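Undergrad: Numbering (the numbering used here), first residue to last: 20 to 323.
All C-beta atoms in this analysis are idealised placements derived from N, C-alpha and C, irrespective of residue type, glycine included.
Here the structure is a predicted model, which means the values were calculated and not measured.
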């Protein structure tokens, strides 16, 4: 039976609202755009047109999955992040707004360099952090490193999708292990590592606990395993005067800052997210990395 885009949107919105979802109008529009390949303006223009059965069936399947609790990003198969649209799926975390602060701070620090720079994005997942940096800083060359083969496949497709293969390369690598030889030196290291304490994972919201990859969530007993390993094993790959920037979980900023201080990093700054939660810890690499005297940690006064 033929159906117009308008009718399908109405039926989709009604089904989503009946399931108790908070933004049924917006989600219905996103589903129709994804299934039809139309932009929002195109969809509004074509609301009175009839669609083929394939689109209606795709949307029906999306509604079923969404009403069962699957995150919208996975249902759509893509998600916006800063200037990019990225493929996402159950093998990678959904890019979140607070992670945009990590990107912005890295971009700000890269502006200090006059010439080409090298950036290492550890635990890259979908590639949202490193690819955003590559897209926004033309002089940067980014290495996206990920331990999961399945996540690395998604990252590779996102490199191609956003036409960034000249500026970004993907590579398999475990942040908990020593770096591969011949990686060279980097000016900036960015990382949004797994940071949920193992014991907290069962209590996460079901949309996270039941759908997002635990490999990208589990940070060990206290959530700090990756920070300790990266600061110990990977800071030697940073040039003197280079920067290391981490996204951190709630209540972890001071502990991560302390690990950086013990490594001898300087100019350590903690930046809050839009909810005023300390979200990013950044430090500068000294000319000699060693255990050094502690210095005060600064908290950024600028709004992210």
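Give the list of continuous beta strand (DSSP E) stretches no shorter than 3 residues that lie fully inside the stretch 69-101.
TA: 97-100, all fully within the stretch 69-101.
Undergrad: Closest to residue 266 by C-alpha separation, out of 31, 117, 251, would be which residue?
TA: Taking only the C-alpha atoms, the option nearest residue 266 is 117.
Undergrad: For residue 190 and residue 123, what's the separation of their Cα atoms in angstroms?
TA: The straight-line gap from Cα to Cα measures roughly 23 Å.
Undergrad: Considering just the uninterrupted stretch of the beta strand (DSSP E) at residue 260, what are its terminal residues?
TA: Residues 257-266.
Undergrad: Over the uninterrupted alpha helix (DSSP H) stretch that includes residue 210, give me the two end residues.
TA: Careful: residue 210 lies outside any alpha helix (DSSP H), inside the beta strand (DSSP E) at 205-210.
Undergrad: Hey, out of 276, 160, 249, whose CA is closest to residue 362's CA?
TA: The first residue shown for the chain is 20 and the last is 323, placing residue 362 beyond what the model contains.
Undergrad: Please report how far the alpha carbon of residue 84 lies from the alpha carbon of residue 43, in whole angstroms.
TA: Whole-angstrom Cα-Cα distance: 14 Å.
Undergrad: Can the beta-carbon of residue 298 be found less than 8 Å from the beta-carbon of residue 250?
TA: Their beta carbons are not under 8 Å apart, which means residue 298 does not touch residue 250 by this criterion.
Undergrad: Just tell me which of 234, 253, 225 has its CA closest to the CA of residue 209.
TA: It is 253 whose Cα lies nearest to the Cα of residue 209.
Undergrad: Assign residue 69 to buried or exposed, taking buried as 16 or more other Cβ atoms, counted over all protein chains shown, within 10 Å of its Cβ.
TA: By the neighbour-count rule (16 or more Cβ atoms within 10 Å), residue 69 is not buried but exposed.
Undergrad: By Cβ distance, which residues of its chain are closer than 7 Å to residue 74, with the 5 residues on each side in sequence left out?
TA: Cβ within range, chain order: 54, 55.
Undergrad: Are the CB atoms of residue 149 and residue 129 nearer to each other than 8 Å?
TA: No; because the gap between Cβ atoms is not below 8 Å, this pair is not in contact.
Undergrad: Tell me where the beta strand (DSSP E) around residue 299 begins and ends.
TA: Its beta strand (DSSP E) spans residues 297-303.
Undergrad: Unbroken alpha helix (DSSP H) runs of length 4 or more, entirely within the stretch 29-57: which are they?
TA: Listed in chain order, the complete alpha helix (DSSP H) runs (minimum 4 residues) inside the stretch 29-57 are 43-55.
Undergrad: Spell out the partners DSSP gives residue 191 in its beta bridges.
TA: Bridge partners of residue 191: 165.
Undergrad: At 3 residues or longer, what runs of the beta strand (DSSP E) sit wholly inside the stretch 116-162?
TA: Fully enclosed beta strand (DSSP E) runs of 3 or longer: 136-141.
Undergrad: What's the call for residue 212, buried or exposed, on a 16-neighbour Cβ count within 10 Å?
TA: The residue is buried, with at least 16 neighbouring Cβ atoms inside 10 Å.
Undergrad: Return no unless some Cβ of chain E is closer than 8 Å to the Cβ of residue 239.
TA: Among the chains of the structure shown, chain E does not appear; only one protein chain is present.
Undergrad: So, under 8 Å CB-CB, residue 198 and residue 259 are touching, yes? Tell me the CB distance rounded to an integer number of Å.
TA: With 8 Å as the limit, residue 198 and residue 259 do not qualify as a contact, their Cβ atoms being about 17 Å apart.
Undergrad: Leaving out five residues on either side along the sequence, give the residues of the same chain with a beta carbon under 7 Å from the beta carbon of residue 93.
TA: Closer than 7 Å at Cβ, skipping near neighbours: 107, 108, 109, 230.
Undergrad: Who are the near neighbours of residue 272 in its chain, counting only those whose CB is closer than 6 Å to its CB and skipping five residues on each side?
TA: Closer than 6 Å at the Cβ level, and outside the excluded window around residue 272, lie 289, 297, 300.
Undergrad: In this structure, does DSSP put residue 250 in helix, strand or coil?
TA: DSSP places residue 250 in helix when its eight states are reduced to three.
Undergrad: From the DSSP output, which residues share a beta bridge with residue 106?
TA: 97, per the DSSP bridge assignment.
Undergrad: For residue 23, which residues in the same chain have their Cβ closer than 8 Å to its Cβ, ignoring the five residues on either side in sequence?
TA: Answer for residue 23: 66, 67, 68, 69, 70, listed in chain order.
Undergrad: Measuring alpha carbon to alpha carbon, tell me which of 194, 59, 82 ends up nearest residue 248.
TA: Of the listed residues, the one whose Cα sits closest to residue 248 is 194.
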